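Here's the structure we're looking at; comments come further down.
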Amino acid sequence: MAASQTAGDRHRVVVIGSGFGGLFGTKALRRSDVDITMVAKTTHHLFQPLLYQVATGILSEGEIAPPTREILSSQANARVLLGEVTHIDLEARTITSQVLGRETVSPYDSLIVAAGAGQSYFGNDHFAEFAPGMKSIDDALELRGRIFGAFEMAELGAARGENVDHLLTFVVVGAGPTGVEMAGQIAELAHRTLRRDFRSINTRTARVMLVDAAPQVLPPFGAKLGAKTKQELEKLGVEVVLGAMVTDLDERGLEMKYKDGRVERVASVTKIWAAGVQASSLGQTLSEQTGAPLDRAGRIGVNPDLTLPGHPEVFVVGDMIALDHLPGVAQVAIQGAKYAAKEIDGRLKGKPAQAPFRYFDKGSMATISRFRAVAMVGKIQLTGFIAWLMWLAVHLVYITGFKNRVTAVLHWLVSFLGRGRAERTATEQQIFGRNALARLRRGATDLVSAPGEYDAALERERREALEQQAVEEARLTDAGERGVKAGERV
Ligand SMILES: Cc1cc2nc3c(=O)[nH]c(=O)nc-3n(C[C@H](O)[C@H](O)[C@H](O)COP(=O)(O)OP(=O)(O)OC[C@H]3O[C@@H](n4cnc5c(N)ncnc54)[C@H](O)[C@@H]3O)c2cc1C
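Residue numbers (numbering that gives the first Met the number 0): 0 to 489.
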């Protein structure tokens with residue numbers, strides 16, 4: 000175990016997470032007399048709202064996920080540590096993080112927890128193997144591989160005269176902004192981008208479904224914008240299925256149950272999960288130590304000043320909090336983190352406490368396809384091209400780094416004015432790597448030795464054992480005890 004070093008005796012601020020909350024909180028403290036340690040489990044700052052464009056080949060992953068270390072390189076009072084925080088000790092005022100068997104303990108005087116939220120499969124975690132969510136670069140690249148790969152497999156099958164309907168059926172589960180954006184982009188791929196690239200299939204016959212248990216598309220945008228979005232999606236060729244709950248999901252398709260009790264099975268190889276979020280499990284740790292309540296999505300109840308009950312030195316911001324029904328959007332995280340940073344700075348300068356945190360709603364928007372979007376700013380509701388221009392402007396402002404803004408604009412020109420997609424590359428690792436890692440007991444940690452434990456002979460033995468394990472997994476798959484059965488491969 001290693002204790003992290005801090006320079007001098009300055010007030011130590013630890014920030015957990017390099018997302019919107021973590022990054023904006025750290026930057027807001029750049030002029031403060033503090034030493035900041037940002038601990039995050041990825042080395043990048045992820046702009047989640049554009050993940051769907053990575054998944055559908057418009058943008059590269061680097062454009063929406065610049066290295067946090069580079070963004071903060073000129074902020075002298077901040078250091079960045081890679082690691083997944085596994086424990087927070089509120090009594091001892093330390094956090095413990097791990098990466099590939101290396102453990103680090105970082106002490107703090109003030110703590111900002113901004114670990115965000117992951118996908119929720121509503122208790123059906125096994126769905127994840129067959130329907131990746133849209134939360135990380137890994138998710139987006141895996142989906143890119145699966146989407147473009149399905150067209151490739153359909154071309155092969157069709158050339159042999161096989162039925163390829165299951166390969167050309169794409170189902171997006173969840174009709175919130177992410178689901179709408181994904182369904183719209185897959186429809187554009189099928190109807191516009193790929194239409195001249197194949198010989199044995201007509202990509203325009205692809206079926207793109209958007210499924211939700213709710214009675215309308217984009218519920219937070221209200222009935223009028225929801226109806227308009229549904230209409231626009233249908234014009235693009237998306238089949239919008241509302242009032243249908245996904246009850247089962249496997250490698251070859253999914254089962255939906257309608258309100259009237261009817262059950263339908265849809266054969267589809269490519270499913271995308273865009274329904275439901277679950278706050279970081281760090282909320283659970285904090286709740287156990289403070290008695291602060293957790294809601295059904297694992298969000299923690301915080302005081303009106305974003306601190307934890309009995310712990311004014313601990314702030315929780317962004318997607319992890321349950322406060323006044325605040326939505327899980329970037330601005331809640333950004334504004335919350337800036338508020339926490341100002342409070343920390345103010346306390347050090349002896350200033351009185353701020354008034355309770357107030358969220359200023361700057362509006363919401365979602366794109367449907369190129370040149371079409373919906374937006375809601377206060378009471379003003381916009382649709383079509385004007386809303387799309389607003390979307391363009393806002394996203395350009397918030398993409399991090401000048402270089403990324405320039406390249407994103409170039410890629411948008413290629414995709415929106417032309418027919419191309421600059422980022423269609425997908426590798427086998429992107430499609431299958433995660434499933435392979437998931438089959439190792441401790442994931443990637445199983446592939447490397449802990450510090451000081453490298454022993455060539457032992458390592459060979461370990462690798463042989465892992466290979467045996469992989470052979471056994473393949474046997475189970477072929478025997479139909481997991482995944483696809485031999486002879487039934489797509
Ligand atoms: C696909 C998608 C589209 C979206 N579109 C929009 C949109 O159009 N507009 C909008 O306003 N909002 C949108 N959102 C929501 C928005 O991205 C979130 O509300 C925002 O990212 C929340 O910020 P956060 O700092 O709380 O969490 P995040 O930005 O998710 O950051 C969490 C950070 O914590 C790190 N982390 C997590 N667990 C640990 C751990 N145990 N140890 C160390 N680090 C950890 C993560 O790696 C990450 O760096 C979208 C979200 C998604 C997934």
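In this text, a Cβ means the ideal position worked out from N, Cα and C, and glycines have one as well. Please read all numbers here as calculations on a predicted model, not as lab measurements.
Task: Touching by the beta-carbon criterion (3+ pairs, under 8 Å), the stretch 265–275 and the stretch 167–183 - done: With the cut-off at 8 Å, the stretch 265–275 and the stretch 167–183 touch.
Task: Element boundaries [beta strand (DSSP E), containing GLN380] - done: Unbroken beta strand (DSSP E) run through GLN380: 379–382.
TODO: State yes or no: is the C-beta of VAL13 nearer than 7 Å to some heavy atom of ligand 1?
DONE: VAL13 has its CB no nearer than 7 Å to any heavy atom of ligand 1.
Open item on the list: I need the DSSP call for GLY117, collapsed to helix, strand or coil.
Closed with: Note: GLY117 maps to strand in three-state DSSP.
- [ ] Per DSSP, which residues does LEU293 bridge with? Please list them.
- [x] For LEU293, the beta-bridge partners assigned by DSSP are ILE299.
Open item on the list: Pop quiz: PHE356 and GLY335 are said to be a contact at Cβ under 8 Å. What is the actual Cβ separation, rounded to whole angstroms?
Closed with: With 8 Å as the limit, PHE356 and GLY335 qualify as a contact, their Cβ atoms being about 6 Å apart.
- [ ] Provide the residue span of the alpha helix (DSSP H) that contains GLU427, from first to last.
- [x] From DSSP, the alpha helix (DSSP H) with GLU427 extends over 427–437.
Task: Which listed residue (VAL13, ARG143, ALA54) has its alpha carbon closest to that of THR103 - done: Answer by Cα proximity: VAL13.
TODO: Round the Cβ separation of ALA139 and LYS341 to the nearest angstrom and send it over; I've been treating them as touching at under 8 Å.
DONE: Contact flag wrong, Cβ pair sits at about 33 Å.
TODO: With PHE314 as the anchor, note down where its beta strand (DSSP E) starts and where it stops.
DONE: The continuous beta strand (DSSP E) containing PHE314 extends over residues 310–315.
Open item on the list: Does GLN283 pass the burial test, meaning 16 or more other C-beta atoms within 10 Å, or should it be called exposed?
Closed with: Exposed.
TODO: Below 8 Å on the Cβ atoms is my guess for THR67 versus ALA39; work out the distance and round it to an integer in Å.
DONE: With 8 Å as the limit, THR67 and ALA39 qualify as a contact, their Cβ atoms being about 7 Å apart.
Task: Option nearest LEU166 by Cα separation, candidates LYS337, LEU322, THR204 - done: The residue with the shortest Cα to Cα distance from LEU166 is THR204.
Open item on the list: Under 8 Å: do the stretch 208–219 and the stretch 403–421 share three or more Cβ pairs, one atom per stretch?
Closed with: Contact check between the stretch 208–219 and the stretch 403–421: fewer than three CB pairs, one atom from each, fall below 8 Å, which does not count as touching.
Open item on the list: So the candidates are ARG145, SER73, ASP164; which of them puts its Cα closest to the Cα of GLY56?
Closed with: Closest by alpha carbon: ARG145.
Open item on the list: Given the structure, does GLN47 come close to ligand 1, in the sense that its CB is under 7 Å from one of the ligand's heavy atoms?
Closed with: Shortest gap from the CB of GLN47 to any heavy atom of ligand 1: under 7 Å.
- [ ] Give the DSSP-derived three-state secondary structure of ALA212 in the structure shown.
- [x] In the three-state reduction of the DSSP assignment, ALA212 falls in the coil class.
Task: Best match in LYS378, GLU463, GLN428 for proximity to ASP445 [C-alpha to C-alpha] - done: ASP445 has its Cα closest to that of GLU463, out of LYS378, GLU463, GLN428.
TODO: Pull up the distance between the alpha-carbon of ALA386 and that of ALA226, whole angstroms please.
DONE: Between ALA386 and ALA226, the C-alpha separation is close to 16 Å.
Task: Start and end residues, alpha helix (DSSP H) containing THR25 - done: First-last of the alpha helix (DSSP H) with THR25: 19–27.
TODO: Compute the beta-carbon to beta-carbon distance between VAL265 and VAL170, rounded to the nearest angstrom, for a pair I have assumed lies under 8 Å.
DONE: In this structure VAL265 is in contact with VAL170, their Cβ atoms being roughly 6 Å apart against a cut-off of 8 Å.
- [ ] Can you have a look at ALA149 and say buried or exposed, based on whether 16 or more other CB atoms are within 10 angstroms of its CB?
- [x] By the C-beta density criterion, ALA149 is buried, having at least 16 other C-beta atoms within 10 angstroms.
Task: Endpoints, the beta strand (DSSP E) within which ASP196 is located - done: ASP196: not part of any beta strand (DSSP E); DSSP gives it neither H nor E.
- [ ] Using three-state DSSP, classify VAL544 as helix, strand or coil.
- [x] For residue 544 there is no data in the structure shown, the boundaries of the chain being 0 and 489.
- [ ] Measure the alpha-carbon distance for ARG461 versus ALA473 and round it to whole angstroms.
- [x] ARG461 and ALA473 have their C-alpha atoms some 19 Å from each other.
TODO: To the nearest angstrom, report how far apart THR246 and MET255 are at their CA atoms.
DONE: Taking the straight line joining both Cα atoms gives about 6 Å.
Open item on the list: Does the structure place the stretch 46–63 close enough to the stretch 372–386 that three or more beta carbon pairs sit under 8 Å?
Closed with: Touching, no.
Open item on the list: Taking the straight line between their C-alpha atoms, what separation do you get for ARG143 and TYR51?
Closed with: Going from the Cα of ARG143 to the Cα of TYR51 covers about 9 Å.
Open item on the list: What does the Cβ neighbour count give for SER31, buried or exposed, with the cut at 16 atoms within 10 Å?
Closed with: Buried, since its Cβ has 16 or more Cβ neighbours within 10 Å.
Task: Expected contact under 8 Å - CB spacing of ALA367 and THR476 to nearest Å - done: Going by the sequence as given, residue 367 is Ile instead of Ala. Rounded, the Cβ-Cβ distance is 39 Å, inconsistent with contact.
Task: Inter-residue spacing [alpha-carbon to alpha-carbon] between ILE87 and VAL315 - done: For the pair ILE87 and VAL315, the Cα-to-Cα distance works out to about 12 Å.
Task: Distance between LEU409 and LYS337 (C-alpha atoms, nearest Å) - done: Straight through space, the alpha carbons of LEU409 and LYS337 are spaced by roughly 32 Å.
Task: Beta-bridge partners of ARG9, as assigned by DSSP - done: BP columns for ARG9 are empty, so no partner.
Open item on the list: Can you list, in chain order, the residues of its chain with a C-beta nearer than 8 Å to that of ARG438? Leave out the 5 residues immediately preceding and following it.
Closed with: Cβ within range, chain order: GLN468, ALA469, GLU472.
Task: GLN353 CB to nearest heavy atom of ligand 1 below 7 Å - done: Ligand 1 never approaches GLN353 closely enough for any of its heavy atoms to be under 7 Å from the residue's Cβ.
- [ ] Express the C-alpha separation of GLU287 and ASN76 in angstroms, rounding to a whole number.
- [x] If you draw a straight line from the Cα of ASN76 to the Cα of GLU287, it is about 32 Å long.
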